[in-house]
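> The structure is given below, and queries will be raised subsequently.
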Amino acid sequence: MATTAKDELWIELDEPHRDYAAGDTVRGRVHLRAPSGVCNKVSLARCWRAHGRREPEEGGRLEMDLHEGTLPARAEHVFPFALPLTPGPFSYDGALLRIEHVITATFDRAFERDLHADTSVRVVPGHEPPPPPDMPFGVAAKSEHKNGSISAGCGVMVLVVAALLGWSLSMVVGVVVSLFSVGLFFEAARQALVAKKLGRVAAELGGDLRAPGDALPVSVTLSPEKPVEVHEVTATLICRELLAAENSKSNPQVQELHRQRVVLHAGGRVPGGEPTALRATLRIPEKPLYSFFANTLDLQWLVELHVDIKGWPDWEDTLHFRVWPSGPNAPVPPRAGASAATAERAADPAAPAPNPAAAAGQDAAPARAADDAAALIAGARAVLHEARAGEERQQRVQALLGRDYRFALVIARVESSSVASARYRDGRTITGTVADSEVAVRVRFPASRNAELDALAPGATLALAARSVTWESFADVLLLEA
Numbered sequence: 001m002a003t004t005a006k007d008e009l010w011i012e013l014d015e016p017h018r019d020y021a022a023g024d025t026v027r028g029r030v031h032l033r034a035p036s037g038v039c040n041k042v043s044l045a046r047c048w049r050a051h052g053r054r055e056p057e058e059g060g061r062l063e064m065d066l067h068e069g070t071l072p073a074r075a076e077h078v079f080p081f082a083l084p085l086t087p088g089p090f091s092y093d094g095a096l097l098r099i100e101h102v103i104t105a106t107f108d109r110a111f112e113r114d115l116h117a118d119t120s121v122r123v124v125p126g127h128e129p130p131p132p133p134d135m136p137f138g139v140a141a142k143s144e145h146k147n148g149s150i151s152a153g154c155g156v157m158v159l160v161v162a163a164l165l166g167w168s169l170s171m172v173v174g175v176v177v178s179l180f181s182v183g184l185f186f187e188a189a190r191q192a193l194v195a196k197k198l199g200r201v202a203a204e205l206g207g208d209l210r211a212p213g214d215a216l217p218v219s220v221t222l223s224p225e226k227p228v229e230v231h232e233v234t235a236t237l238i239c240r241e242l243l244a245a246e247n248s249k250s251n252p253q254v255q256e257l258h259r260q261r262v263v264l265h266a267g268g269r270v271p272g273g274e275p276t277a278l279r280a281t282l283r284i285p286e287k288p289l290y291s292f293f294a295n296t297l298d299l300q301w302l303v304e305l306h307v308d309i310k311g312w313p314d315w316e317d318t319l320h321f322r323v324w325p326s327g328p329n330a331p332v333p334p335r336a337g338a339s340a341a342t343a344e345r346a347a348d349p350a351a352p353a354p355n356p357a358a359a360a361g362q363d364a365a366p367a368r369a370a371d372d373a374a375a376l377i378a379g380a381r382a383v384l385h386e387a388r389a390g391e392e393r394q395q396r397v398q399a400l401l402g403r404d405y406r407f408a409l410v411i412a413r414v415e416s417s418s419v420a421s422a423r424y425r426d427g428r429t430i431t432g433t434v435a436d437s438e439v440a441v442r443v444r445f446p447a448s449r450n451a452e453l454d455a456l457a458p459g460a461t462l463a464l465a466a467r468s469v470t471w472e473s474f475a476d477v478l479l480l481e482a
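Per the UniProt record's numbering, the sequence shown starts with residue 1, numbered consecutively.
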């Protein structure tokens, strides 16, 4: 709650302890006590916020106005809201990095400083996780190194010219550029020596996207012209938090969260004149450590490769990949107070509904609708009343999916087509409840019915036929397609 000597502002969520997922809607109310009634605007915003040791980074911001203009004096004002959660990172609380999803209410008080109130919701992977983040520029899941003596020589020539130009400008510039040139010369020489011993070296991971618990194949292919003795060839799987300075990533703070080392070659002679492929398999731990990339804050997954050559400079490389949930079994942090599934299962509420069309003639459609609605309500209630995890819950969800239902929908919200968004070109969604029940559903309509949906209003009842496609966000809403 935010307060001043005369005004109070706070947010109340309908389900403050619930886990949300992308596509869910956060519902609640903004409460305001403003005795004077002076008001420009009351607004609401949502975003994800990543915290490190410095200023937090934000993204995915969505804003909406709840009220504009003067308010009645000496009264408490309540503004209900329904705020959709767009795809973004998941909530996370680590050693260097913390990601939260924040909802902020703002009371614009005209001639005084604005009043703000914050709350947060926990966002976890849902039944259909959002798209993974893009890989940062300059990193990849494979690499190839060829003999670099020619390119190294060209690079050294360029650096010598740069050093001479630096001395022509001033002594300080000449010294700095010369030291830099010497360092790069030795690095170029080292790379040329390694390339001379190993020839072409190709390193690759089995893809740049994995889920918790997945296997990750890794391979290193050496192509020396002559036999070469190696001490060891290793691959090390690392997950780490990275906190960099705001304008530079040269000296980041690093917190390792996971490390696994495997040996691709235990040592000995690698034959020359032909490629030698060394392979191993790493295993991603079943932990909710999902990739995240921001300007100064990262949660990274990478594999460090190392070829230890006897009496010669070593070869090293680093390959990056992403970890992201792949489905409804994605790991999430443990929930407080989660209960076990009931020991005794009721009769299957989602059993195929009878088709009375052949026997009932013209009364078949109403009877079918009533039967379908009963099966839909019973099946959804069974899922809602079960634990939010476990094999039994998954069985109940699967029993609901892929079925056609006829029922009456009491409309709570129709997506607006006034927003210029690509999603409406593929159709729109109605949120509501199955008539005569508390069962919430979302029904997606094709774009060809957009004009028809414009005429619908909250509170109206719509008779429809739809197929169930997924259960969204840990047993909260069933999604159907009309």
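Backbone N, C-alpha and C define an ideal beta-carbon position, used for all residues, glycine too.
1. Gly52: which of Arg403, Tyr290, Gln253 and Leu289 sits nearest, CA to CA?
2. Please list, in chain order, all residues of the same chain as Pro56 whose beta carbon is under 8 Å from its beta carbon, the five residues on each side excluded.
3. Could you please give me the residues that DSSP links to Phe122 through a beta bridge?
4. Check whether the region 285-302 and the region 109-116 are in contact - that is, three or more C-beta pairs closer than 8 Å.
5. What is the DSSP secondary structure of Asp65, reduced to helix, strand or coil?
6. Do Leu198 and Val218 have their C-beta atoms within less than 8 Å of each other?
7. Sorted by chain position, which residues of the same chain lie with C-beta nearer than 6 Å to Val414's C-beta, five sequence neighbours on each side aside?
8. Per DSSP, what kind of secondary structure is Val469 in: helix, strand or coil?
9. Can you name the residues that DSSP bridges to Ala373?
10. Could you check how far apart the C-beta atoms of Ala22 and Gly88 are, in whole angstroms? I think they sit under 8 Å.
11. To the nearest angstrom, report how far apart Ala408 and Thr25 are at their CA atoms.
12. Quick one, are the C-beta atoms of Arg109 and Val38 less than 8 Å apart?
13. Report buried or exposed for Pro313, applying the criterion of at least 16 other Cβ atoms within 10 angstroms of its Cβ.
14. Have a look at the DSSP bridge pairing and note the partners of Arg283.
15. How would you call Phe321, buried or exposed, if buried means at least 16 neighbouring beta carbons within 10 angstroms?
16. Grab me the residues of Pro309's own chain with a C-beta within less than 8 Å of its C-beta, minus the 5 sequence neighbours each way, in chain order.
17. What does the alpha-carbon distance come out to for the pair Pro136 and Ala211?
18. For Gln255, which residues does DSSP report across the bridge?
19. Glu452 lies in the alpha helix (DSSP H); which residues open and close that run?
20. With respect to the beta strand (DSSP E) encompassing Ser43, which residues constitute its N-terminal and C-terminal limits?
21. According to DSSP, simplified to helix, strand and coil, what is Arg442?
22. Over the uninterrupted beta strand (DSSP E) stretch that includes His127, give me the two end residues.
23. In whole angstroms, what is the alpha-carbon distance linking Ser468 and Glu438?
Working from what's here:
1. Here residue 52 refers to the residue found at position 52 when the sequence shown is read from its first residue. Of the listed residues, the one whose Cα sits closest to Gly52 is Gln253.
2. Counting from 1 along the sequence shown, the entry for residue 56 is found at position 56. Within the same chain, Pro56 has close Cβ partners Arg49 and Ala50.
3. Here residue 122 refers to the residue found at position 122 when the sequence shown is read from its first residue. Looking at the sequence itself, residue 122 is Arg, so the reference to Phe does not match. Answer is Asp19.
4. no
5. The residue you call residue 65 lines up with position 65 of the sequence shown. Note: Asp65 maps to strand in three-state DSSP.
6. Stepping through the sequence shown from its first residue, residue 198 is reached at position 198. Stepping through the sequence shown from its first residue, residue 218 is reached at position 218. Contact: no.
7. On the sequence shown, position 414 is the one that residue 414 refers to. Contacts found: Ile430, Leu453 and Leu456.
8. For this step, residue 469 is matched to residue 469 along the sequence shown. If DSSP states are grouped into helix, strand and coil, Val469 belongs with the strands.
9. Along the sequence shown, read from residue 1 onward, the residue named residue 373 stands at position 373. DSSP, once it has assigned bridges, lists no residue as partnering Ala373.
10. Position 22 of the sequence shown holds residue 22. Position 88 of the sequence shown holds residue 88. That pair is a contact at about 7 Å.
11. Within the sequence shown, the letter at position 408 stands for residue 408. Within the sequence shown, the letter at position 25 stands for residue 25. Each residue's Cα considered, the two are about 22 Å apart.
12. As a first step, residue 109 must be located in the sequence shown, where it is residue number 109. As a first step, residue 38 must be located in the sequence shown, where it is residue number 38. Yes, the pair counts as a contact, with Cβ atoms nearer than the cut-off.
13. Translated into positions along the sequence shown, residue 313 becomes position 313. Its Cβ having fewer than 16 others within 10 Å, Pro313 is exposed.
14. Indexing the sequence shown from 1 puts residue 283 at position 283. In the DSSP output, where bridge partners are listed per residue, Arg283 has Ala215.
15. Counting from one through the sequence shown, the residue named residue 321 turns up at place 321. Counting Cβ neighbours within 10 Å, Phe321 comes out buried, since at least 16 surround it.
16. As a first step, residue 309 must be located in the sequence shown, where it is residue number 309. The sequence shown places Ile at residue 309, rather than the Pro named in the question. So the qualifying residues of the chain are Val194, Lys197, Leu198, Val228, Glu229, Val230, His231 and Trp315.
17. If you number the sequence shown from 1, residue 136 lands on position 136. If you number the sequence shown from 1, residue 211 lands on position 211. About 18 Å.
18. Position 255 of the sequence shown holds residue 255. DSSP lists Glu241 as partners of Gln255.
19. Here residue 452 corresponds to residue number 452 of the sequence shown, with the count starting at 1. Unbroken alpha helix (DSSP H) run through Glu452: Asn450 to Asp454.
20. Position 43 of the sequence shown, counting from 1, holds the residue named residue 43. Per DSSP, Ser43 belongs to the beta strand (DSSP E) from Lys41 to His51.
21. Taking the first residue of the sequence shown as position 1, residue 442 is located at position 442. Reduced to three states, the DSSP call for Arg442 is strand.
22. Start at 1 with the first residue of the sequence shown, and residue 127 comes out as number 127. First-last for His127: undefined, no H or E at that position.
23. For the purposes of this step, residue 468 is taken as residue 468 along the sequence shown, with counting starting at 1. For the purposes of this step, residue 438 is taken as residue 438 along the sequence shown, with counting starting at 1. Their backbone Cα atoms lie some 17 Å apart in a straight line.
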